[in-house]
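Notes follow once the structure below has been shown.
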Amino acid sequence: MFSSDPSFLTRKDKFTKDELKRAVRGALAAEIDAINYYFQQGDLIEDPRLRSAHEDIAREEMTHFGEFLRMLYEVSPDEFSMIKKGWEEASRIISGAEFPIKAGEIRSDEKEREEGKEHEGPISWAMEGLSGTLRRRVKNVKYESDTISVAEIDEDEGEITQAVSSSLYHVPYLSLQFRLRDSSPSNWKEVAFNAGKKFSILEEATLLKTHDLSPLKFGGRISASDWDQAGSILNDVVKAYEYVSKGGFNKVIVMIPPTLFSKLFRVVDKTGTYEHEVVRRIGEIVISPALDREIIVLSTEGFEVAVRKEVQVEFLDKEREHEIYLISEQIAPKPMSRLASCSVMKES
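If you're matching positions, the sequence shown starts at 1 in UniProt numbering and goes up one per residue.
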């Protein structure tokens, strides 16, 4: 047997190059020994089920042998070439079949891995910049179609019926390219990071405003009051919440544009209560850079995000002095009801 009691292994130093070669050769010998042992023992097992399982294990050891053979090529190409030479000599006698592992193919795989490592930095920096606030607060569901079917609902006293008619909505493909200049790698991180941030705004605008199923187009809508007056934002949020609560939705978030946040720090009563303190009693305040002149009160239990294709960052191509990357995903808003959201719109 090849294993040793771990309690006797007192060595702390890592293998030298020659020792690593011997270790891989030893592993190859151990795998051959295991394969022979399993097949020989399997011949003596009468139960066909157990014998079959035993043979499956032996075949798995063959896979391990191939993995260690690949490691041998990595640590000792000369020894691997001797194996290849032996194959070719036997092939001249038997059939002339070519050696199944071509060194060029292996080097090509290694090159692809090295190129992949080169692109890991920009990809990870762009992913760091992805920070969609809405998707983290609602349920994301895997969707297997490019369209969303929304059925009409007929409501009578004591009964809800799915109507015959329904509407189809497209699940859009979102994408954003960013280019990194070869001559300025020190600035790659901020460029990739900001590309991720910009894509997050594009994503949120799609979910909240531009898609036909977004709260701005599919949910309720009320006109805004004068937001320069203290308490006006609170009053509008209360009205929007009343609309959402009619559908039985209680847990909500209040999404506001960045320009409105400072207006929430106004006193609304004689006790010195700030406007944002009262709004927070209704729901969590979420600042969305995708919003401009609107407030959206959204039920987190009545709104989902349909994910056809998860967000990914990939290297596309090299063009002159630039490396080109692509951020992409395919998603759409998926409201459970028209009453699941209400927008407060500021007229131009």
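Glycine residues also receive a C-beta, built at the ideal position from the N, C-alpha and C atoms.
Being a predicted model, the structure only gives us computed values, none of them experimental.
At what residues does the alpha helix (DSSP H) containing Leu69 begin and finish? Numbered from its first residue, the sequence shown carries residue 69 at position 69. Element bounds for Leu69: Pro48 to Val75.
Taking just the CA atoms, how far does Glu152 sit from Met345? Working through the sequence shown from its first residue, we reach residue 345 at position 345. Working through the sequence shown from its first residue, we reach residue 152 at position 152. Across the structure, Met345 and Glu152 are spaced so that their CA atoms are roughly 26 Å apart.
Sequence-distant residues of the same chain with beta carbon closer than 7 Å to Ser337, five excluded per side: What you label residue 337 is simply residue 337 of the sequence shown in a count that begins at 1. Result list for Ser337: Gly247 and Gly302, in chain order.
Taking Ser184 as the reference, which of Gln41, Asn194, Tyr38 and Glu323 has the closest Cα? Counted from its first residue, the sequence shown places residue 184 at position 184. For Ser184, the closest C-alpha among the options Gln41, Asn194, Tyr38 and Glu323 is that of Glu323.
Are the beta-carbon atoms of Glu347 and Ser225 separated by less than 8 Å? The residue given as residue 347 occupies position 347 in the sequence shown. The residue given as residue 225 occupies position 225 in the sequence shown. Against a cut-off of 8 Å, the Cβ pair of Ser225 and Glu347 comes out as no contact.
Determine which residues share a DSSP beta bridge with Phe315 and list them. In the sequence shown, counting from the first residue as 1, residue 315 sits at position 315. Phe315 is bridged to Tyr325.
Mind checking which residues open and close the beta strand (DSSP E) that includes Val344? By 1-based counting over the sequence shown, the position of residue 344 is 344. Taken as a continuous stretch (DSSP letters only), the beta strand (DSSP E) holding Val344 covers Ser341 to Met345.
Going by beta carbon distance, what residues of the same chain come within less than 8 Å of Ile160, once the five residues before and after it are set aside? The residue given as residue 160 occupies position 160 in the sequence shown. Non-local beta-carbon contacts of Ile160 in its own chain, meaning distances under 8 Å to residues more than five positions away in sequence, involve Ile153 and Asp154 in chain order.
Assuming the contact rule is C-beta atoms closer than 8 Å, Leu291 and Ser341 should be a hit. Round their C-beta distance to whole Å, please. Numbered from 1 along the sequence shown, position 291 holds the residue referred to as residue 291. Numbered from 1 along the sequence shown, position 341 holds the residue referred to as residue 341. No, Leu291 and Ser341 are not in contact; Cβ-Cβ is about 13 Å, not under 8 Å.
Using the three-state DSSP reduction, which class does Leu298 fall into: helix, strand or coil? In the sequence shown, counting from the first residue as 1, residue 298 sits at position 298. In the three-state reduction of the DSSP assignment, Leu298 falls in the strand class, which pools E and B.
For Pro289, the three-state DSSP class (helix, strand or coil): Position 289 of the sequence shown, counting from 1, holds the residue named residue 289. Three-state DSSP puts Pro289 in coil, outside helix and strand.
For the 8 Å Cβ check, are there 3 or more pairs between the region 49-60 and the region 69-76? The region 49-60 is not in contact with the region 69-76.
Reference Arg135; option with closest CA among Ala306, Val24 and Ser343: Counting from one through the sequence shown, the residue named residue 135 turns up at place 135. For Arg135, the closest alpha carbon among the candidates Ala306, Val24 and Ser343 is that of Ala306.
Alpha carbon to alpha carbon, what distance is there between Gln312 and Ala90? On the sequence shown, position 90 is the one that residue 90 refers to. On the sequence shown, position 312 is the one that residue 312 refers to. Whole-angstrom Cα-Cα distance: 48 Å.
CB contact flag (Thr206, Pro257, <8 Å): Along the sequence shown, read from residue 1 onward, the residue named residue 206 stands at position 206. Along the sequence shown, read from residue 1 onward, the residue named residue 257 stands at position 257. Not closer than 8 Å, so no.
How about Tyr169 and Asp212: are their beta carbons less than 8 Å apart? Position 169 of the sequence shown, counted from the first residue, corresponds to residue 169. Position 212 of the sequence shown, counted from the first residue, corresponds to residue 212. In contact: Tyr169 and Asp212 (Cβ atoms closer than 8 Å).
Rounded to the nearest angstrom, how far is the Cβ of Lys197 from that of Ser245, given a contact under 8 Å? Your numbering for residue 197 matches position 197 in the sequence shown. Your numbering for residue 245 matches position 245 in the sequence shown. The beta-carbon distance between Lys197 and Ser245, rounded to whole angstroms, is 34 Å. This is too long to meet the 8 Å contact definition.
Euclidean distance between Cα positions of Glu314 and Arg181: Against the sequence shown, residue 314 aligns to sequence position 314. Against the sequence shown, residue 181 aligns to sequence position 181. Near 16 Å, if we compare the C-alpha coordinates of Arg181 and Glu314.
Segment limits, beta strand (DSSP E) that includes Phe178: For the purposes of this step, residue 178 is taken as the residue at position 178 of the sequence shown. Unbroken beta strand (DSSP E) run through Phe178: Tyr173 to Arg181.
Straight-line gap, Phe199 to Glu88 (C-alpha atoms, nearest Å): If you number the sequence shown from 1, residue 199 lands on position 199. If you number the sequence shown from 1, residue 88 lands on position 88. Phe199 and Glu88: Cα-Cα distance of roughly 55 Å.
Compare the Cα-Cα distances from Pro260 to each of Gln162, Gly219 and His276 and report the closest residue. The residue you call residue 260 lines up with position 260 of the sequence shown. Sequence check: residue 260 is Leu here, not Pro. Of Gln162, Gly219 and His276, the residue nearest in Cα terms is His276.
Which term fits Ile94, buried or exposed, when burial requires 16 or more other beta carbons within 10 angstroms of its beta carbon? Here residue 94 corresponds to residue number 94 of the sequence shown, with the count starting at 1. Ile94 should be labelled exposed.
What residue range does the alpha helix (DSSP H) around Tyr241 cover? Translated into the one-based positions of the sequence shown, residue 241 becomes position 241. Taken as a continuous stretch (DSSP letters only), the alpha helix (DSSP H) holding Tyr241 covers Ser232 to Ser245.
With a floor of 3 residues, list each beta strand (DSSP E) that falls wholly inside the region 139-176, ordered by position along the chain. 139-142, 147-156 and 159-170
Under the assumption that Thr133 contacts Glu204 (Cβ atoms under 8 Å), give the Cβ distance between them as a whole number of angstroms. Reading the sequence shown from its first residue, position 133 is the one you call residue 133. Reading the sequence shown from its first residue, position 204 is the one you call residue 204. Indeed they touch by this definition, with Cβ atoms about 7 Å apart.
Identity of the residues DSSP links to Arg221 by a beta bridge: Start at 1 with the first residue of the sequence shown, and residue 221 comes out as number 221. Beta-bridge pairing links Arg221 to Ser343.
Whole angstroms is fine: what's the gap from Ile35's alpha carbon to Arg25's? Here residue 35 is taken as the residue at index 35 of the sequence shown, counted from 1. Here residue 25 is taken as the residue at index 25 of the sequence shown, counted from 1. If I take the Cα positions, the gap works out to 16 Å.
Ile201: first and last residue of the uninterrupted beta strand (DSSP E) it sits in: As a first step, residue 201 must be located in the sequence shown, where it is residue number 201. Here Ile201 belongs to no beta strand (DSSP E); instead the alpha helix (DSSP H) covers Trp188 to Ala205.
How close, in whole Å, do the beta carbons of Leu326 and Gln177 come, if the pair is a contact with beta carbons under 8 Å? Against the sequence shown, residue 326 aligns to sequence position 326. Against the sequence shown, residue 177 aligns to sequence position 177. Contact flag correct, Cβ pair sits at about 5 Å.
With H, G and I counted as helix, E and B as strand and the rest as coil, what does DSSP make of Lys14? Taking the first residue of the sequence shown as 1, we reach residue 14 at position 14. In the three-state reduction of the DSSP assignment, Lys14 falls in the coil class.
Under DSSP, the alpha helix (DSSP H) around Ile282 begins and ends at which residues? Translated into positions along the sequence shown, residue 282 becomes position 282. First-last of the alpha helix (DSSP H) with Ile282: Glu275 to Ile282.
Beta-bridge partners of Pro185, as assigned by DSSP: Taking the first residue of the sequence shown as 1, we reach residue 185 at position 185. Pro185 is not bridged to any residue.
Roughly how many angstroms lie between the CA atoms of Tyr38 and Ile45, to the nearest whole one? For this step, residue 38 is matched to residue 38 along the sequence shown. For this step, residue 45 is matched to residue 45 along the sequence shown. Near 11 Å, if we compare the C-alpha coordinates of Ile45 and Tyr38.
Can you tell me which of the three DSSP states Ile45 falls into? Sequence index remark: in the sequence shown, residue 45 carries index 45 (1-based). Taken through DSSP and simplified to helix, strand or coil, Ile45 comes out as coil.
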